[in-house]
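Here is the structure we will look at, set down as structure tokens.
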Amino acid sequence: MMIRPEGKSRFWKPAVLVVFLVAGFIAGRTGLVDWEWVFRQSERLAGNWWAPPAVIAAMAVFYLFGLPGSVFIWIAGLLYHPAPATLIITAGGVMGGTGAAIFARKMAGSPEGKPQADPALLSFMARHSDFVTLFAIRAMPFFPHAVINYGAGALGIHLGKFAVASAFGFAAKGFVYALAIHGATEADEIADLLDAAVFYPLLALVVLLVAGRALHRQWIARDGGGE
């Protein structure tokens, strides 16, 4: 009878997640990918019927493996009107994010609803895994999606709740970004948008969500104390 080396798998599986996170960060920060070439090729192929599904699939694969999938938010915003771009962004983000969460759950050995990860590593998500908070951090500008995706899986957050919260977050972020960048024709114009007030609506949404969640908890605590 062969005995499985459970002790070893307990170490190498989390290590795989770390490798994907680091690889994604390096790819996004060191210019390993020529995004200008990606933009040009995407624009050339955008008229084909299969282009939107291809963008969705590529975005999903990037998020699945911890790579900078947010670049496809910009691609969708450049190539399509805000409404279809938002649908593309939401579909790709939810598929990739949920896939990454499932992958992380298998690596971390976390059955749904039974967190097995060290809470010190993902303390915020461990303490705040409700729908509203997941929605808020997904919509927050510059918050690393790989941390959200892999963290949700490692912590055993309910996949249905995670997917729906991700859909709302990607829809909000996708629409704001697509509305801002639609019509930009040069890489310099796209870069300029990063310094514009495009992020203010998303930040305002996040503040409202967090404030609403805090007030709701306070209300529940007050009602509980009065009984």
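Numbering (our numbering), first residue to last: 1 to 227.
Ideal Cβ positions, reconstructed from N, Cα and C, are used throughout, including at glycine.
Computed from a predicted model, the values in this text were never measured in an experiment.
* **C-alpha gap between G169 and K161, whole angstroms** => Indexing the sequence shown from 1 puts residue 169 at position 169. Indexing the sequence shown from 1 puts residue 161 at position 161. Cα to Cα, G169 sits roughly 12 Å from K161.
* To do: Within its chain, find whatever has a CB closer than 7 Å to the CB of F103; leave out the 5 residues flanking it on each side and keep chain order.
  => Locating residue 103 in the sequence shown gives position 103, where the first residue counts as 1. Counting only Cβ-Cβ distances below 7 Å, and skipping sequence neighbours, we find L64, G153.
* When we look at the beta-carbon of H81 and count the other beta-carbons within 10 Å, is it buried (16 or more) or exposed? -> Along the sequence shown, read from residue 1 onward, the residue named residue 81 stands at position 81. Exposed is the call here.
* Is DSSP giving A117 helix, strand or coil here? -> Here residue 117 refers to the residue found at position 117 when the sequence shown is read from its first residue. Residue confidence is low: A117 scores 47 on pLDDT, short of 50, so the model does not pin down where it sits. Its coordinate-derived value is still stated next. A117: coil per DSSP, three-state reduction.
* Please state if the CB of S166 and the CB of G93 are separated by a distance shorter than 8 Å. => Here the question's residue 93 lines up with position 93 in the sequence shown. Here the question's residue 166 lines up with position 166 in the sequence shown. Cβ distance < 8 Å, so G93 and S166 count as in contact.
* Would you mind working out which of L205, L203, V147, T86 sits nearest I181, comparing C-alpha positions? => Here the question's residue 181 lines up with position 181 in the sequence shown. Minimum Cα distance to I181 is reached at T86.
* Flag this pair as yes or no: are the beta carbons of G96 and M59 separated by less than 8 Å? => Position 96 of the sequence shown holds residue 96. Position 59 of the sequence shown holds residue 59. Closer than 8 Å, so yes.
* To do: Check each candidate in L79, G69, N48, V206 and name the one with the smallest Cα separation from A178.
  => Taking the first residue of the sequence shown as position 1, residue 178 is located at position 178. A178 has its Cα closest to that of L79, out of L79, G69, N48, V206.
* Please determine, among A83, A146, L134, the residue with the shortest C-alpha to C-alpha distance to G66. => Taking the first residue of the sequence shown as position 1, residue 66 is located at position 66. Closest option to G66, Cα to Cα, is A146.
* Work out the CA separation of T133 and Q218 for me, nearest whole Å. => Within the sequence shown, numbered from 1, the residue matching residue 218 stands at position 218. Within the sequence shown, numbered from 1, the residue matching residue 133 stands at position 133. Distance between the alpha carbons of Q218 and T133 is about 15 Å.
* What residue range is occupied by the uninterrupted alpha helix (DSSP H) comprising F135? -> Taking the sequence shown and counting its residues from 1, the one referred to as residue 135 is at position 135. Element bounds for F135: 131 to 139.
* Asked: Smallest Cα separation from A171: which of A83, G156, L155?
  -> What you label residue 171 is simply residue 171 of the sequence shown in a count that begins at 1. The candidate whose alpha carbon is nearest that of A171 is A83.
* To do: Could you pull out every residue in the same chain whose Cβ sits closer than 6 Å to the Cβ of F62, ignoring the five residues on either side in sequence?
  => As a first step, residue 62 is located in the sequence shown; it is residue number 62 there, counting from the start. Answer for F62: G69, listed in chain order.
* Take V176 as the anchor and find which of A163, I89, P53, M107 has the nearest alpha-carbon. => Taking the sequence shown and counting its residues from 1, one reaches residue 176 at position 176. Per the Cα distances, I89.
* To do: Determine the DSSP secondary structure at I157, reduced to helix, strand or coil.
  => Here residue 157 corresponds to residue number 157 of the sequence shown, with the count starting at 1. Coil, per DSSP.
* Please list, in chain order, all residues of the same chain as A76 whose beta carbon is under 7 Å from its beta carbon, the five residues on each side excluded. => Mapped onto the sequence shown, residue 76 falls at position 76. Contacts found: V55, A85, I88, I89, A178.
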